[in-house]
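Encoded as structure tokens, the structure appears first; notes follow it.
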Amino acid sequence: LCTWSLNTPTIIENEEHLTASLDKRIAAARKLADKGVKVGFHFHPIVEYVGYLDEYQAVYEKLILQFEPSEVALVSFGTLTFIKPVIKQLRQREFRSKITQIPHEDASGKTSYPEATKIEMFKHAYESFSPWQKGEEKVFFYLCMEPHELWAKTFGYNYATNNDFEHAMLGAYCKKIGQDYLI
């Protein structure tokens, strides 16, 4: 299993300096999938900006066109979350990034997007991948570092405990690679 962090061309060009382009990342994943290696994709962080939903939609559609669900083990979604001292230090240092300008609110002792924004981001992403959510070869989707309540509002379900989540995730991965999951 090999995974890639993906983002929109806007974020890659303006925030992910000295990293591979979106097309190069997808091409690398395609090469491994062609060799029988299961792949996965992390959309973390999803970043809000003017037109972001349309630009992320184009990325999701590109993946759906280039990969079968049987080739993809996982897709995760997450967004920017900072402990308060970090965002404060970044702002004080005049860190050159639009990321420090996004609207943050308190989120369990950290700062992050407002819940309504996160729901919009994550539901849009999850619903965009509906072709990968069906059948025996369905892809495992999860939220990275988000509270249980947000899972229910995004996916329509959540896990009662972190252990339940880990069991489901590892079980799904093992099924994808054809290995028994022993616990």
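Quick note on this note's numbering: the sequence shown kicks off at 918 and runs consecutively.
Ideal Cβ placement from N, Cα and C applies to all residues, glycine included.
Asked                                                                                                                                                                     : Found
Assign MET1038 to buried or exposed, taking buried as 16 or more other Cβ atoms, counted over all protein chains shown, within 10 Å of its Cβ.                            : buried
Please look up how many angstroms separate the CB atoms of LEU935 and PRO926, rounded, as I've assumed it's under 8 angstroms.                                            : Not quite, the Cβ-Cβ distance comes to about 15 angstroms (not below 8 angstroms), so this is no contact.
Below 8 angstroms on the Cβ atoms is my guess for PHE1072 versus TYR1043; work out the distance and round it to an integer in Å.                                          : 6 angstroms
With DSSP run on the structure shown, which of helix, strand or coil describes PHE1072?                                                                                   : helix
In whole angstroms, give me the CA-to-CA distance for PHE1046 and ASN1075.                                                                                                : 18 angstroms
Here's the rule: buried if 16 or more other CB atoms are within 10 angstroms of the residue's CB, otherwise exposed. What is TYR1030?                                     : buried
Note down the Cα distance separating PHE960 from GLU1032, rounded to an integer number of angstroms.                                                                      : 17 angstroms
Can you tell me the Cα-Cα spacing of PHE1058 and LYS941, whole angstroms?                                                                                                 : 23 angstroms
On the CB-based measure, 16 or more other CB atoms within 10 Å of its CB, does ALA990 come out buried or exposed?                                                         : buried
So SER1025 and PRO1064 are in contact, right, with Cβ under 8 angstroms, and what is the actual spacing, rounded?                                                         : 7 angstroms
How far does the beta strand (DSSP E) with GLY995 in it extend, from its first residue to its last?                                                                       : 989 to 996
If you run the structure through DSSP and keep just helix, strand and coil, what is LYS979?                                                                               : helix
Beta carbon of LYS955, beta carbon of LEU982: below 7 angstroms?                                                                                                          : no
Evaluate ILE1094 with the Cβ neighbour count: other Cβ atoms within 10 Å of its Cβ, from every protein chain shown; 16 or more gives buried, anything less gives exposed. : exposed
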